[in-house]
Ligand SMILES: NC(=O)c1ccc[n+]([C@@H]2O[C@H](COP(=O)([O-])OP(=O)(O)OC[C@H]3O[C@@H](n4cnc5c(N)ncnc54)[C@H](OP(=O)(O)O)[C@@H]3O)[C@@H](O)[C@H]2O)c1
């Protein structure tokens, strides 16, 4: 299979290699996914760059990327063969493991490959992983949010984008902050499949920000 990998940490242009590697075989409890899209998470680039202060390789060779989406094409012992052909989104493929999703195939524990409905594209599936799970955890770790008011800080970002949709799905009233007019416009447009039929993706206020940004706006969703 074609794969992107690195054998030493450092800046991407210096350490990333595109090459041919053997196709992975699924072990017990694992599925193999033929990848359609690989999702890049900030942790992928931070770990490759030595952000945690360690330039030691956790494995001799690493294929990066935790998230992705594709179709299961093989299963290991203990996994029902009925999973073969299933469209899936993938999370934490490279957590504690050497090989992630920047490749033609990935072999991962069956539970890390989650059914992706026909209505969701592979691109969407590849963006659901860590960012979507972070948003879900922030919203629902203490239970349901039906009828509650939720403020999503940074609604134009990866986590914020997912949080807005999940909060609406959970029945909350949602307000968000964005830093630029272009981001406000993006938040005014209900994302595909968000189920948001009402208007109200509108900028409601501007205020001075003490941070590096000069101003922010909120959008009621
Ligand atoms: N991505 C993950 O998987 C993940 C996982 C765990 C935790 N986190 C944390 O979650 C937070 C968001 O991460 P992300 O990946 O979603 O980042 P991101 O995609 O870069 O989005 C960050 C958002 O914050 C907005 N923002 C920044 N400064 C602002 C300010 N002063 N006022 C208003 N908006 C501001 C930006 O708005 P504009 O686009 O309008 O400039 C941007 O949309 C970070 O703290 C990150 O460490 C992320």
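In this note's numbering, the protein residues as written are 2 to 222.
From the three backbone atoms N, C-alpha and C, an ideal C-beta is built for every residue, glycine too.
Might you give, ordered along the chain, the residues of its own chain that have their beta carbon closer than 7 Å to the beta carbon of residue i, omitting 5 neighbours on each side?
i           : result
residue 36  : 69, 71, 102, 104, 105, 106 and 107
residue 51  : 10
residue 193 : For residue 193, the pLDDT reaches just 45, beneath the cut-off of 50, and the residue's location in the model is therefore unreliable, although a value from the coordinates is still provided. Hits under 7 Å: none found.
residue 199 : Note that residue 199 scores a pLDDT of 32, beneath 50, so its modelled location is shaky; the value from the coordinates is reported in the next line. Taken in chain order, the list of residues that qualify is empty.
residue 213 : Summary for residue 213: the model assigns pLDDT 34, below 50, so the residue's position carries little reliability, and this model does not support an answer.
residue 41  : 66
Once you ignore the five residues that flank residue i on each side, which residues in its own chain have a CB closer than 6 Å to its CB?
i           : result
residue 123 : 37, 38 and 70
residue 152 : 176
residue 3   : 105
residue 56  : 10
residue 156 : 165, 177, 179 and 188
Assuming contact is defined by CB atoms lying nearer than 7 Å, are residue i and residue j in contact in what I supplied?
i           : j           : result
residue 168 : residue 129 : no
residue 77  : residue 27  : yes
residue 154 : residue 34  : no
residue 7   : residue 19  : no
residue 93  : residue 67  : yes
residue 181 : residue 150 : no
residue 65  : residue 45  : yes
residue 91  : residue 84  : no
residue 132 : residue 160 : yes
residue 97  : residue 29  : no
What first and last residue would you give for the alpha helix (DSSP H) that runs through residue i?
i           : result
residue 45  : 43–50
residue 133 : 130–141
residue 125 : 123–127
residue 88  : From DSSP, residue 88 is part of no alpha helix (DSSP H) but of the beta strand (DSSP E) over 88–91.
residue 163 : 159–170
residue 13  : 13–16
Which whole-angstrom value is the C-beta distance of residue i and residue j, which I expect to be below 8 Å?
i           : j           : result
residue 99  : residue 62  : 6 Å
residue 171 : residue 146 : 5 Å
Need the endpoints of the beta strand (DSSP E) that residue i sits in, please.
i           : result
residue 3   : 3–6
residue 115 : 114–116
residue 110 : 106–110
residue 36  : 31–40
residue 152 : 150–153
residue 68  : 68–76
residue 80  : It is not in any beta strand (DSSP E) - residue 80 carries neither H nor E in the DSSP assignment.
residue 179 : 174–179
Which same chain residues end up closer than 8 Å to residue i when comparing Cβ atoms and leaving out the 5 residues on each side of it in sequence?
i          : result
residue 21 : 2, 3 and 4
residue 82 : 76
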